[in-house]
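K.L.:
By our numbering, the letter at position 2 of the sequence shown is numbered 7, and the numbering carries on one by one without gaps.
Ideal Cβ placement from N, Cα and C applies to all residues, glycine included.
Here it is: the structure, laid out below.
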Amino acid sequence: MPFANLKVPAGLLTAEQKENLVTKVTDLYAETFGDAARDNTMVLVDEVADGGWGIRGEVLTLAQLKPDPA
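Dropping the structure here:
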C-alpha cells in the first residue's frame, strides 16, 4: 500500500488545500505504480504544532510562514 505522510504547520492550509494535496499525491502514486494502487493509497496530512519545526537551525512559526494579508 503506497503511503505518504505530509507534515505541515497547523493552521497553514485550508481544508480545500489539504484535499487538493491528498488528491494530487494519490494521482501521482497511481501514475507511478499503476491505477490499481489508487484504491490502496493512503495520504496523511499531519499538522505540526506552531513552533514545532524549523529549518537551517531556526524554529519556524505560523506567523513567519503565512503570507501577509495586506
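#1: Using DSSP bridges, identify the partner residues of LYS12.
#2: State the Cα-Cα distance for the pair TRP58 and PRO72, rounded to the nearest angstrom.
#3: Rounding to the nearest angstrom, what Cα-Cα distance links ALA41 and TYR34 in this structure?
#4: In the DSSP assignment, what are the bridge partners of VAL64?
#5: Under 8 Å between the Cβ atoms of LYS23 and VAL64?
P.N.:
The short version:
#1: For the purposes of this step, residue 12 is taken as the residue at position 7 of the sequence shown. Partner(s): ASP51.
#2: To locate residue 58, count along the sequence shown from 1; it is residue 53. To locate residue 72, count along the sequence shown from 1; it is residue 67. For TRP58 and PRO72, the distance between alpha carbons rounds to 18 Å.
#3: Working through the sequence shown from its first residue, we reach residue 41 at position 36. Working through the sequence shown from its first residue, we reach residue 34 at position 29. If you take the alpha carbons of ALA41 and TYR34, they lie about 10 Å apart.
#4: Along the sequence shown, read from residue 1 onward, the residue named residue 64 stands at position 59. Residue pairing by DSSP places VAL64 opposite GLY59 in a beta bridge.
#5: Against the sequence shown, residue 23 aligns to sequence position 18. Against the sequence shown, residue 64 aligns to sequence position 59. Here LYS23 is not near VAL64, since their CB atoms are 8 Å or more apart.
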